[in-house]
Amino acid sequence: MSLGYGIQLPVQSQSTLYAEPWEADAGPADLVEVARAADRAGFAYVAACDHVAIPHRLAGAMSTVWYDPVATLAHLAAVTVRVRLLAHVAVVGLRHPLLTAKQYATLDHLSGGRLILGVGAGHVREEFEVLGVDFERRGAVLDETIDALRAALGPDEFPSHHGKSFDFEGLGQRPRPAQARVPLWVGGSSPAAVRRAALKGDGWLPQGDPRERLPAQIETLRRLRGDGAPLTVGAITEPLYVGAPGWEVGRRTLTGPPGALAESLRAYGAMGVHQIQVRFRCRGRTELVDQIDRFGAEVGPLLDGAS
3 MSLGYGIQLP VQSQSTLYAE PWEADAGPAD LVEVARAADR AGFAYVAACD
53 HVAIPHRLAG AMSTVWYDPV ATLAHLAAVT VRVRLLAHVA VVGLRHPLLT
103 AKQYATLDHL SGGRLILGVG AGHVREEFEV LGVDFERRGA VLDETIDALR
153 AALGPDEFPS HHGKSFDFEG LGQRPRPAQA RVPLWVGGSS PAAVRRAALK
203 GDGWLPQGDP RERLPAQIET LRRLRGDGAP LTVGAITEPL YVGAPGWEVG
253 RRTLTGPPGA LAESLRAYGA MGVHQIQVRF RCRGRTELVD QIDRFGAEVG
303 PLLDGAS
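At position 295 of the sequence shown (counting the first as 1) the number is 297 in the numbering used here, and the numbers step up by one without a gap.
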């Protein structure tokens with residue numbers, strides 16, 4: 003089986019953990035060109051994050067640049083053809099499931115069925131408090147929200163859900179999603195998140211687990227999943243640079259010719275990973291687009307038979 007690969011888009015989120023300096027002055031045109039490059043290069047998905055508002059105490063590290071994922075992915079749906087559109091991840095517990103379903107069903111409809119809805123519990127207390135949502139109960143609320151979204155994004159024009167936090171029936175929503183079942187991937191690496199992914203998700207998006215931690219996490223997923231439906235297992239790779247960078251890209255960055263990179267990345271498939279999220283070190287949009295093009299043309303084909 004081949005190892006799929008996708009990318010978290012630059013520009014749309016600018017945490018100091020991963021943003022490159024050039025992104026500070028970038029904008030919509032750069033985002034579009036990168037998404038088009040990923041579409042052209044055979045990437046499985048482009049991804050956008052979700053934060054409503056960042057408090058002063060976290061703004062220095064996280065920045066306040068977080069594009070809305072629905073608006074961003076809808077914009078990019080109109081300028082791409084094939085690549086899937088991933089919310090990585092939507093903090094769906096901040097919103098009523100019918101509101102989330104309305105937004106993402108419309109996105110799936112407009113994009114011809116290209117949505118992957120990644121969901122996570124969230125971690126910024128102030129976001130929850132300002133929106134009137136109980137931060138301490140966010141895990142339980144997310145569990146129920148997933149169930150409610152299964153109903154609200156399903157085939158029924160008038161979905162119903164009866165739970166502790168949400169209760170609805172007799173309210174119709176169209177357009178329906180283009181997909182018969184919108185893939186729902188659960189993000190996070192805590193024991194609760196891994197359990198949630200195994201029991202409720204169609205896929206798992208780890209929170210940057212290093213390679214050595216993944217086999218144990220995947221074994222836990224499989225054990226909890228039991229004989230359930232297939233689960234798409236993801237991983238976030240080390241930073242990459244195809245070729246010889248000629249500049250300081252950091253000691254953790256994987257660099258080298260396509261064959262060497264592919265050999266290293268195929269190890270993820272051997273662990274049981276189905277799709278990897280890649281990130282390229284770059285000094286500007288032109289270099290990033292070149293890296294995406296090279297990866298798609300020279301590394302991607304070598305990932306076939308990865309697992």
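Beta carbons: idealized from backbone N, C-alpha and C, even for Gly.
Kindly identify the DSSP beta-bridge partner or partners of Asp169.
-> Residue 169 sits at position 167 when you count from the first residue of the sequence shown. Bridge partners of Asp169: His164.
Phe297 - DSSP class collapsed to helix/strand/coil = As a working mapping, residue 297 is identified with position 295 in the sequence shown. Helix, per DSSP.
Taking the continuous alpha helix (DSSP H) assigned at Ile56, which residues delimit it?
-> On the sequence shown, residue 56 is found 54 positions in, with the first residue counted as 1. Run containing Ile56: none; DSSP gives neither H nor E here.
Could you tell me whether the segment 76-91 touches the segment 144-160, where touching means 3 or more Cβ pairs closer than 8 angstroms?
-> They do not touch, by the three-pair rule.
Would you give the residue range spanned by the beta strand (DSSP E) that Arg86 belongs to?
-> For the purposes of this step, residue 86 is identified with residue 84 of the sequence shown, where counting begins at 1. Taken as a continuous stretch (DSSP letters only), the beta strand (DSSP E) holding Arg86 covers 86-92.
From Asp292, Asp70, Thr288, Thr255, pick the residue whose C-alpha is nearest to that of Ala28; which is it?
-> Here residue 28 refers to the residue found at position 26 of the sequence shown. Per the Cα distances, Thr288.
Gln279, DSSP secondary structure in three states = Taking the first residue of the sequence shown as 1, we reach residue 279 at position 277. Secondary structure at Gln279: strand, using DSSP grouped into helix, strand and coil.
Closer than 7 angstroms by C-beta to Asp32: which residues in its own chain qualify, once you throw out the five before and the five after it? Chain order, please.
-> If you number the sequence shown from 1, residue 32 lands on position 30. Contacts found: Val13, Arg287.
Note down, in chain order, each residue of its chain lying with its Cβ closer than 7 angstroms to the Cβ of Lys166, except the 5 sequence neighbours on either side.
-> For the purposes of this step, residue 166 is identified with residue 164 of the sequence shown, where counting begins at 1. Once the five neighbours on either side are set aside, the close Cβ partners of Lys166 are Glu146.
Is Glu221 buried or exposed, if buried means 16 or more other CB atoms sit within 10 Å of its CB?
-> Taking the sequence shown and counting its residues from 1, one reaches residue 221 at position 219. Exposed, since its Cβ has fewer than 16 Cβ neighbours within 10 Å.
Within the same chain, show all residues whose beta-carbon is closer than 6 angstroms to that of Val91, passing over the 5 residues directly before and after it, in chain order.
-> Within the sequence shown, numbered from 1, the residue matching residue 91 stands at position 89. Excluding positions up to five away in sequence, the list reads Gly120, Val121, Gly122, Gly189.
Exposed unless 16 or more other CB atoms sit within 10 angstroms - verdict on Ser192 = As a first step, residue 192 is located in the sequence shown; it is residue number 190 there, counting from the start. It counts as exposed.
Give the DSSP bridge partners of Val188, in chain order.
-> The sequence position of residue 188 within the sequence shown is 186, counting from 1. Partner(s): Val121, Trp206.
Span of the beta strand (DSSP E) holding Ala50?
-> The sequence position of residue 50 within the sequence shown is 48, counting from 1. Counting along the chain, the beta strand (DSSP E) containing Ala50 begins and ends at 47-50.
Please classify Trp24: does DSSP put it in a helix, a strand, or coil?
-> Position 22 of the sequence shown, counted from the start, is the residue given in the question as residue 24. In the three-state DSSP reduction, Trp24 falls in the helix class (H, G or I).
If you run the structure through DSSP and keep just helix, strand and coil, what is Gly274?
-> Indexing the sequence shown from 1 puts residue 274 at position 272. Coil.
With contact counted as at least three CB pairs below 8 angstroms, one residue from each stretch, are the segment 257-277 and the segment 205-217 in contact?
-> yes
Can you tell which of Val67, Val72, Gly44, Tyr47 has the C-alpha that lies nearest to the C-alpha of Val55?
-> Counting from 1 along the sequence shown, the entry for residue 55 is found at position 53. As written in the sequence, residue 55 is Ala, which differs from the Val given in the question. Per the Cα distances, Val67.
Kindly give me the distance between the Cβ atoms of Tyr47 and Leu88, rounded to whole angstroms, as I take these residues to be in contact under 8 angstroms.
-> The sequence position of residue 47 within the sequence shown is 45, counting from 1. The sequence position of residue 88 within the sequence shown is 86, counting from 1. The Cβ separation is near 4 angstroms, so the contact holds.
How would you call Gln209, buried or exposed, if buried means at least 16 neighbouring beta carbons within 10 angstroms?
-> As a position in the sequence shown, residue 209 is number 207, starting the count at 1. Result: exposed.
In terms of residues, what are the limits of the alpha helix (DSSP H) holding Leu226?
-> Mapped onto the sequence shown, residue 226 falls at position 224. Run containing Leu226: 216-227, per the alpha helix (DSSP H) assignment.
Measuring CA to CA, which of Arg283, Pro260, Val291 is closest to Leu1?
-> Residue 1 is absent from the structure shown; the chain starts at 3 and stops at 309.
Cα separation between Ala63 and Phe282?
-> Start at 1 with the first residue of the sequence shown, and residue 63 comes out as number 61. Start at 1 with the first residue of the sequence shown, and residue 282 comes out as number 280. Spanning the two alpha carbons is a distance of roughly 20 angstroms.
Any idea what DSSP makes of Thr18, helix, strand or coil?
-> As a first step, residue 18 must be located in the sequence shown, where it is residue number 16. Correct three-state label for Thr18: coil.
In whole angstroms, what is the alpha-carbon distance linking Phe130 and Gly95?
-> Sequence index remark: in the sequence shown, residue 130 carries index 128 (1-based). Sequence index remark: in the sequence shown, residue 95 carries index 93 (1-based). In a straight line, the C-alpha of Phe130 is about 9 angstroms away from that of Gly95.
Could you say which of Glu35, Ser162, Ala43, Thr18 lies nearest to Tyr7 if we only look at CA atoms?
-> Reading the sequence shown from its first residue, position 5 is the one you call residue 7. For Tyr7, the nearest C-alpha among the options comes from Ala43.
Tell me whether Thr18 is buried or exposed, calling it buried when 16 or more other Cβ atoms sit within 10 Å of its Cβ.
-> Within the sequence shown, numbered from 1, the residue matching residue 18 stands at position 16. Label assigned to Thr18: exposed.
Note down, in chain order, each residue of its chain lying with its Cβ closer than 8 angstroms to the Cβ of Arg178, except the 5 sequence neighbours on either side.
-> The residue you call residue 178 lines up with position 176 of the sequence shown. Counting only Cβ-Cβ distances below 8 angstroms, and skipping sequence neighbours, we find Ala107, His111, Pro157, Glu159.
Exposed or buried, which one is Asp52 when buried takes at least 16 other CB atoms within 10 Å?
-> Sequence index remark: in the sequence shown, residue 52 carries index 50 (1-based). The residue in question, Asp52, is buried, as its Cβ has 16 or more Cβ neighbours within 10 Å.
Below 8 angstroms on the Cβ atoms is my guess for Trp206 versus Leu223; work out the distance and round it to an integer in Å.
-> One-based indexing of the sequence shown puts residue 206 at position 204. One-based indexing of the sequence shown puts residue 223 at position 221. Right, the Cβ-Cβ distance comes to about 6 angstroms (below 8 angstroms), so this counts as a contact.
Decide if Val280 is buried, meaning its Cβ has at least 16 other Cβ atoms within 10 Å, or exposed.
-> Numbered from 1 along the sequence shown, position 278 holds the residue referred to as residue 280. Buried, since its Cβ has 16 or more Cβ neighbours within 10 Å.
For the beta strand (DSSP E) that Gln105 lies in, which residues bound it at each end?
-> For the purposes of this step, residue 105 is taken as residue 103 along the sequence shown, with counting starting at 1. Per DSSP, Gln105 belongs to no beta strand (DSSP E); it is in the alpha helix (DSSP H), 99-112.
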